[in-house]
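Let me begin by presenting the structure, written as structure tokens, before commenting on it.
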Amino acid sequence: MTKSQKKPLTLFYQRLALFGYIGLLILMPTWLYILAPREGYSNGFIFVVYILPLLLPLKGIIQDKPYTYAWANFIVMIYFIHSLSLLWVSPQEMLWIMLELIFASSMFIGCTYYARHRGQELGLKIRKLKDELAEEKAAHTVNKDD
């Protein structure tokens with residue numbers, strides 16, 4: 001298996017991440033603009049708060065960059081927290097809330113493990129802080145001796 005080929009487990013996690021991501025991309029505007037428009041909120045506010053964050057990782061996901069999948073987890077937390085909050089305050093929207101929670105959870109799990117497995121397949125490594133500090137110390141010591 002070459003570096004560019006994905007193992008079945010890696011492919012599974014990518015598909016799980018994409019299921020959650022595409023699901024949120026479809027659900028959020030449909031829910032917030034068509035199915036249950038929010039009174040008191042402008043369309044611009046809803047777009048900036050609930051739609052725009054989902055568009056930020058789009059390019060990296062299309063380009064299949066493991067690092068983008070990793071940092072997309074920070075964004076998906078908005079939707080995870082939103083759905084958990086609405087479970088408490090808006091039980092009449094249970095279907096949409098559960099869909100958001102399912103998509104957000106799928107995206108989080110998929111992105112986490114896809115980034116990890118794909119990064120390992122490609123030989124990408126995050127340098128450990130102790131290694132960085134040791135290199136800095138060695139460079140500083142060499143410069144001091146000059």
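Numbering (full-length UniProt numbering), first residue to last: 1 to 146. All C-beta atoms, glycine included, are put in the ideal place defined by N, C-alpha and C.
Worksheet item: Would a C-beta distance cut-off of 9 Å place K83 and M107 closer than the cut-off?
Response: As written in the sequence, residue 83 is Ser, which differs from the Lys given in the question. Cβ distance not < 9 Å, so S83 and M107 don't count as in contact.
Worksheet item: If A104 sits next to G20, beta carbons under 8 Å apart, how far is it from one beta carbon to the other, in whole angstroms?
Response: 6 Å
Discussion item. Considering Cα atoms alone, identify which of Y41, Y33, L27 is closest to Y79.
Written reply: L27
Item to complete: Note down, in chain order, each residue of its chain lying with its Cβ closer than 7 Å to the Cβ of E93, except the 5 sequence neighbours on either side.
Response: A36, L86
Practice prompt. Could you check the C-alpha separation between G40 and T68 for me, to the nearest Å?
Written response: 34 Å
Item to complete: Determine the burial state of Q63: buried for a count of at least 16 other Cβ atoms within 10 Å of its Cβ, exposed for fewer.
Response: exposed
Worksheet item: The alpha helix (DSSP H) with residue 148 in it runs from where to where?
Response: Any property of residue 148 remains undetermined from this structure, which presents the chain solely from 1 to 146.
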